[in-house]
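Accompanying notes for the structure given below.
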Amino acid sequence: MKGVRRDPNHLSASSRGESPRRDPSPNPDSGRTSPRGPGAGFRSEPADSPAALKPKPAGTGDCSASSRRMTTSDTLIGQALAGAGPGGLRRGWEESLEAEQPGEGCAVAASEPPSPPQQQQQLREQPSGPQQAALPPPGLRRRPVRLRMRGPARALIGCGRSHVAGVSTRSLGPNMCLRRLMQSSQLQQAWRVAFLKHVQGRHQGAQRWTHPGGSTYRAVIFDMGGVLIPSPGRVAAEWELQNHIPSGTIVKALISGGENGPWMKFMRAEITREDFLQEFGRLCSEISKTSVPVDSFFSLLTSERVVKQFPVMTEAITQIRAKGLQTAVLSNNFYLPNGKSFLPLDQKQFDVVVESCLEGVCKPDPRIYKLCLERLGRQPSESIFLDDLGPNLKAAASLGIHTIKVHDPETAVKELETLLGFPLRTAVPNTRPVRKTMEIPRDSLEKYLKDLLGTQATGPLELLQFDHGQSNPTYYIKLANQQLVLRKKPPGTLLPSVHAVEREFRIMKALANVGVPVPKVLDLCEDSRVIGTPFYLMEYCPGLIYKEPSLPGLEPSQRRAIYTAMNRVLCKIHSVDLKAAGLEDYGKHGDYIARQVQTWIKQYRASETSTIPAMERLIEWLPLHLPRQQKTTVVHGDFRLDNLLFHPETAEVLAVLDWELSTLGDPLADVAYNCLAHHLPSNFPIQPGLSDCDLTELGIPTAEEYFRMYCLHMGIPPTENWNFYMAFSFFRIAAILQGVYKRSLTGQASSASAEQTAKLTEFMSNLAWDFAIKEGFRVFKEMPATKPLTRSHHTWARPQSLLRTPGTRSYITSTDSSPAHASKGALVFSPEGLSPPVRELYQRLKQFMERHVYPAEPELQRHQASAERWTPSPLVEDLKEKAKAEGLWNLFLPLETDPEKKYGAGLTNVEYAHLCEVMGTSLYAPEIFNCSAPDTGNMELLVRYGTEEQKARWLIPLLEGKARSCFAMTEPQVASSDATNIESSIREEDDFYVVNGHKWWISGILDPRCQLCVFMGKTDPQAPRHQQQSVLLVPMDTPGIKIIRPLTVYGLEDAPGGHGEVRFEQVRVPKENMVLGPGRGFEIAQGRLGPGRIHHCMRLIGCSERALALMKARAKSRVAFGKPLVEQGTVLADIAQSRVEIEQARLLVLKAAHVMDVAGNKAAALDIAMIKMVAPSMAYRVIDRAVQVWPASLLT
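In the working numbering, the protein residues as written are 11 to 1206.
So, in structure tokens, the structure goes:
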């Protein structure tokens, strides 16, 4: 029961002959499905860790017979589960040696277990021993007095059964026995040998321990974690990587304290979940020297995303039970907050379920194994036990149970098949019954096959559909003893020149003749009357397919071998002699990339369902940045790891699959496409990626290393425009995904998950644009310096082209010396270099400042110091109306954010920077022109990411100046400059989000006009680090918002907006107020910051310019030591130094704005970081020097 501290010495109800206390309703089993099955549908499903690439056990004896190494996490977890204590030899694989009973080192045939009353009587009469009853009765001590020996020594000495190092143990009491043992020279020598063997054994690991015998097996017992579902060790490793927690922290905390540690007590239900998390969190924090959110880890460990049962194990259990054998699950587990035990399995799969938290005892305690055998009614010799931890297997083997070490489920099932003597995997991997929308006429297909195969084809036709694929439907066919694969075009009206199964057939047939590993094709049928569309047949090929590019379960050297083999076979494809293969006419020669760009643009346009901004930018950018030189070879078009079939025992590619997109073209397109996984996250739904993996630790080459490896094998120099090829590859995938989504709307797509691709198209296009930005930045850095015109201080970067689509922005970075081109994307060093319309706007802004703003400053200062300061000044409101009337309103929105100039003036970052400097000369000016923070950032956020409903409710009032807003991110307890650190929560509840959190330094929240709070909080602490946060639009009149106090900066309150400390307590916000979607908060925050940095820095430069002007005026008028200050050398030096520093800062800020204009915010990240440091420090020094020439009275 939840919250009850149980006495582990007491028997469970089931052990006393009562019904076990278990929730009668089993948890539904949701089988784990892979993101993508075999590429062509005719290869065997791989194991996460293929047996062929792991050393096989040398024998079936003790642990020293195995040559397989245990991973560090396996070893440490094993010690934790076994109760390993600190110091000396770990007790994680040790058993207790009873002084008066036979040793456990040798297998002993167990008799039928006695009945519960007999057990209790025996336990009352004599000390507990390994061959006695499984559990003690209520009231008796769980650990009777006994002699304990370390594992290796016990293994050597215990085989004597009734003798220990030549001394009869039955003739000695415990204390005497211990003294004799310690004095025995034979024991001391045996101990030294055992210790050495133990150390060696720890490195080798043990696959299984067996007993002599050979009885027929009647039952199979499964561990849960690491056998039926992913192991806690692997989940911990991935979680630590995603959350930037030092590797091994969780595992080290698990083993801390041994069997008396919090983890073991938690699994025995001796402590509550709350007490466990508190103590475990403390241990993790001490180990890692940082705060560790352990509740997040355990939420992930028990989440549906992690606890899906391995399909191969589900199928194996089904086959075992079909043969009449019993099955059981024996798990070290714990209680969940709802009071139920953690058992995410369908209990109908098992005859017996034994859980540590219900029984009060954990593996590797022998009693829990005996309890399981007792409930099964089986002898140890009749049972097989599967576990992923050596200590648990050791304990089971010592009782006479046959054991299997599980490194990966697939390999374990193969070994289990060998022991049982019958197959456990009868179905073809990753197949399912044919979906209704993809059914094909069986009768006509069977007739065709019998005509093709002749007399060999007799018997019923078996037809299954592979569950992968979003293009050409693929089917498994079995007719008599013939196993085939059929690939066909999808039904319905198709886009031109796609789904060309005829080309697939031709290229595979041709390449097979020149040594490229491909499947053996049998026949091409272009007669649509047979099954409705053209199709071709090939042989079904067994082998291994690695679905996950991280190659889980393999050694680093094995992973590198796999990637090297993939690289070499790609080089083999690109080295094919086109003439010898008869493929000279397989595609056009030259201009491959240009044709491909246009092809995929057309395909995208034909399947477009909505406007995707990044796709629009790419459609314009790609044709203007094509590679100048291209080689022509065979290109696969979809070359990636899971389109390769590997040999079961070597890192050899047996076949390259899925040739649908093949043609003649630029081979570098294949290489770039092959590296896409390096830039995708590991949880990407279509294809797992590597972007959040430690490639060095895994032994996998980085994308750059992989490309250099390819160039070395091909004997070519690396290309400079690699980023272009990556941008093109991601663009092509985005276009393909859009086509899949469009077909899903009409029921043509062959994947049931095709509708999920709508959001993925935008994700891929954004990645493509990121690489386009990198390429643009590379070009920008290589641009030759331009010569400024005489008496001018500006240069231009031409942003326009004759090919530019009207109404869209261009991103070209070539230069021109004509002022006529100084417009969009121009790097302008002074206002005189601005385009005429912007220069005229600049002059009107300066005039307004001189006529209205500067004269109003004394009155505005008096209001800000008065008792009415928390009420907006009527003078400011009057000046706002005047500025709006003169068209000096909402100047801040970047052209990229608002290309149609729907909301703002349509200025570039560089153009607005010059205007922003003018506004910075007065503290009150930004608000007067509706260009003040935080409203500017919030308005840009709504323009970029808001829905039409959100814009109507919040954006329009802000643009009109009728409302103000604030941005709530900073929190007292964490370093909130990094959005990933925030702790405030956003919890989903019915049709609302419930917000809780403590924020401070929230600028503008005290303004009575503040109607909107843009709130940053966490919606999913389990998600990857940068996908945990979300942005929510919270109306300020929502109940639960409590403003605690205004905060001051050196005594200044900055009224009426101020900087507030505020609490959000159970604030309920409608779901439609979520911006962009859950988990997009960090992305939104980063997108919001770029232009804002430019604004702040240019305003500081304007402020510094005004301070310098006041300094010069004072220096001219003030006389000291007989002459004006301006004639004093130190003052002149200060003025000169200030001028230099202002000019330097301005140039750096303008450069950052220019890079943002021509290459994007991400490419300008370094420049933005520099100006954040340079501008404030410059302003501090300039203003300080100015203060020095004024009297002290100004500071009082």
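Virtual Cβ for every residue (Gly too), placed ideally from N, Cα, C.
Item to complete: With a threshold of 16 other CB atoms inside 10 Å of the CB of residue 595, please say whether the residue is buried or exposed.
Response: Reading the sequence shown from its first residue, position 585 is the one you call residue 595. Classification for residue 595: exposed.
Discussion item. Below 8 Å, how does it come out for the stretch 696–711 and the stretch 633–649: are there three or more Cβ pairs, yes or no?
Written reply: Three or more beta-carbon pairs separated by less than 8 Å are not found between the stretch 696–711 and the stretch 633–649, which leaves the two stretches without contact.
Worksheet item: With DSSP run on the structure shown, which of helix, strand or coil describes residue 1008?
Response: Here residue 1008 refers to the residue found at position 998 when the sequence shown is read from its first residue. Residue state, collapsed to three classes: strand.
Worksheet item: How many angstroms separate the CA atom of residue 1061 from the CA atom of residue 1068?
Response: Here residue 1061 refers to the residue found at position 1051 when the sequence shown is read from its first residue. Here residue 1068 refers to the residue found at position 1058 when the sequence shown is read from its first residue. Spanning the two alpha carbons is a distance of roughly 12 Å.
Discussion item. Assuming the contact rule is C-beta atoms closer than 8 Å, residue 325 and residue 435 should be a hit. Round their C-beta distance to whole Å, please.
Written reply: The sequence position of residue 325 within the sequence shown is 315, counting from 1. The sequence position of residue 435 within the sequence shown is 425, counting from 1. The Cβ separation is near 6 Å, so the contact holds.
Worksheet entry | Sequence ranges, beta strand (DSSP E) only - wholly within the stretch 640–688, length at least 3 | 643–645, 654–656, 663–666 and 673–675
Worksheet item: Contact check, residue 955 vs residue 1081 under 8 Å by CB: the rounded distance?
Response: The residue you call residue 955 lines up with position 945 of the sequence shown. The residue you call residue 1081 lines up with position 1071 of the sequence shown. Wrong, their Cβ atoms sit about 16 Å apart, outside the cutoff.
Worksheet item: Of the choices 227, 618 and 733, whose alpha-carbon is the least far from that of residue 753?
Response: Counting from 1 along the sequence shown, the entry for residue 753 is found at position 743. Nearest option by C-alpha distance: 618.
Fill in: contact_flag[the stretch 1089–1097, the stretch 987–1005] where n(CB pairs < 8 Å) is 3 or more
yes
Fill in: Contact check, residue 778 vs residue 686, beta carbons under 8 Å
Counted from its first residue, the sequence shown places residue 778 at position 768. Counted from its first residue, the sequence shown places residue 686 at position 676. The answer is no: Cβ separation not under 8 Å.
Item to complete: Report the rounded CA-to-CA distance for residue 946 versus residue 664, giving the unit in angstroms.
Response: By 1-based counting over the sequence shown, the position of residue 946 is 936. By 1-based counting over the sequence shown, the position of residue 664 is 654. So the alpha carbons of these two residues sit roughly 59 Å apart.
Practice prompt. Taking only beta-carbon positions, decide if residue 596 is within less than 8 Å of chain B.
Written response: The structure shown contains no chain B; it holds only a single protein chain.
Item to complete: Give the secondary structure of residue 66 by DSSP, where H, G and I count as helix, E and B as strand, and everything else as coil.
Response: The residue you call residue 66 lines up with position 56 of the sequence shown. Confidence at residue 66 is low in this model, with a pLDDT of 35, below 50, so its placement is unreliable and the value that follows should be read with caution. Three-state DSSP puts residue 66 in coil, outside helix and strand.
Discussion item. Quick test of your reading: residue 655 and residue 555, contact by CB under 8 Å. State the CB separation rounded to the nearest angstrom.
Written reply: Along the sequence shown, read from residue 1 onward, the residue named residue 655 stands at position 645. Along the sequence shown, read from residue 1 onward, the residue named residue 555 stands at position 545. Right, their Cβ atoms sit about 6 Å apart.
Worksheet item: Closest to residue 518 by CA distance: which of 543, 449 and 593 is it?
Response: As a position in the sequence shown, residue 518 is number 508, starting the count at 1. When only C-alpha atoms are compared, the closest one is 593.
Worksheet entry | Inter-stretch contact (C-beta, 8 Å, three-pair minimum) for the stretch 884–894 and the stretch 1069–1078 | no
Item to complete: Indicate, with yes or no, if the ligand GDP has a heavy atom lying under 7 Å from the CB of residue 1021.
Response: The ligand GDP is absent from the structure shown, which contains no ligands of any kind.
Discussion item. Using C-beta distances below 8 Å, list every residue in its chain close to residue 1089, excluding the 5 sequence neighbours before and after it, in chain order.
Written reply: The sequence position of residue 1089 within the sequence shown is 1079, counting from 1. Cβ neighbours of residue 1089 beyond the five flanking positions: 1029, 1030, 1033, 1037, 1038, 1039 and 1040.
Worksheet item: Assuming residue 323 contacts residue 237 under a Cβ cut-off of 8 Å, what Cβ separation, rounded to an integer in Å, is found between them?
Response: Indexing the sequence shown from 1 puts residue 323 at position 313. Indexing the sequence shown from 1 puts residue 237 at position 227. That belief holds up - the Cβ atoms of residue 323 and residue 237 are roughly 7 Å apart, short of 8 Å.
Worksheet item: By Cβ distance below 6 Å, which residues in the same chain neighbour residue 182 in space, the five residues on each side in sequence not counted?
Response: As a first step, residue 182 must be located in the sequence shown, where it is residue number 172. Here residue 182 scores only 37 on pLDDT, less than 50, and its place in the model should not be relied on; the value that follows carries that caveat. Nothing meets the Cβ criterion.
Item to complete: Please state whether DSSP places residue 717 in a helix, a strand or coil.
Response: Here residue 717 refers to the residue found at position 707 when the sequence shown is read from its first residue. It is helical.
Fill in: Secondary structure of residue 979, DSSP reduced to three states
Indexing the sequence shown from 1 puts residue 979 at position 969. Correct three-state label for residue 979: coil.
Item to complete: Would you kindly check if the distance between the Cβ of residue 1110 and the Cβ of residue 1185 is under 8 Å?
Response: As a working mapping, residue 1185 is identified with position 1175 in the sequence shown. As a working mapping, residue 1110 is identified with position 1100 in the sequence shown. The answer is yes: Cβ separation under 8 Å.
Worksheet entry | Simplified DSSP state of residue 48, which is helix, strand or coil | Within the sequence shown, the letter at position 38 stands for residue 48. Summary for residue 48: the model assigns pLDDT 35, below 50, so the residue's position carries little reliability, and this model does not support an answer.
Discussion item. So if DSSP puts residue 704 in a beta bridge, which residue, or which two residues, is it bridged to?
Written reply: Along the sequence shown, one-based indexing puts residue 704 at 694. Per DSSP, none; premise fails for residue 704.
Practice prompt. Over the uninterrupted alpha helix (DSSP H) stretch that includes residue 379, give me the two end residues.
Written response: Working through the sequence shown from its first residue, we reach residue 379 at position 369. From DSSP, the alpha helix (DSSP H) with residue 379 extends over 376–386.
Worksheet item: Using a Cβ-Cβ cut-off of 7 Å (strictly less than) and excluding sequence neighbours within five positions of residue 1208, which residues of its own chain qualify?
Response: No answer is possible for residue 1208: it lies beyond the span of the chain, which begins at 11 and ends at 1206.
Item to complete: Would you grab the beta carbon distance between residue 526 and residue 666 for me? Rounded to a whole angstrom, and I think it's under 8 Å.
Response: The residue given as residue 526 occupies position 516 in the sequence shown. The residue given as residue 666 occupies position 656 in the sequence shown. So it is a contact: roughly 7 Å between Cβ atoms.
Practice prompt. Note the first and the last residue of the continuous alpha helix (DSSP H) segment covering residue 1197.
Written response: As a working note, residue 1197 is residue 1187 in the sequence shown. Residues 1175–1198.
Worksheet item: Is it buried or exposed for residue 10, if we count other Cβ within 10 angstroms and need 16 for buried?
Response: Past the edges of the chain, shown from 11 to 1206, lies residue 10, and the structure says nothing about it.
Worksheet item: In three-state DSSP terms, what is residue 874?
Response: Translated into the one-based positions of the sequence shown, residue 874 becomes position 864. Three-state DSSP puts residue 874 in a helix.
Worksheet item: With burial defined as no fewer than 16 other Cβ atoms inside 10 Å of the residue's Cβ, what is the status of residue 1154: buried or exposed?
Response: Here residue 1154 refers to the residue found at position 1144 of the sequence shown. With fewer than 16 other Cβ atoms from the protein chains shown falling within 10 Å of its own Cβ, residue 1154 counts as exposed.
Discussion item. On the CB-based measure, 16 or more other CB atoms within 10 Å of its CB, does residue 409 come out buried or exposed?
Written reply: Counting from one through the sequence shown, the residue named residue 409 turns up at place 399. By the 10 Å Cβ count, residue 409 comes out buried.
Worksheet item: residue 1141 lies in the alpha helix (DSSP H); which residues open and close that run?
Response: In the sequence shown, counting from the first residue as 1, residue 1141 sits at position 1131. First-last of the alpha helix (DSSP H) with residue 1141: 1139–1169.
Worksheet item: Name the DSSP bridge partner or partners of residue 475?
Response: Working through the sequence shown from its first residue, we reach residue 475 at position 465. Answer is 442 and 485, bridged to residue 475.
Worksheet item: In the DSSP assignment, what residue or residues form a beta bridge with residue 1025?
Response: Position 1015 of the sequence shown holds residue 1025. Answer by DSSP bridge pairing, in chain order: 978 and 1042.
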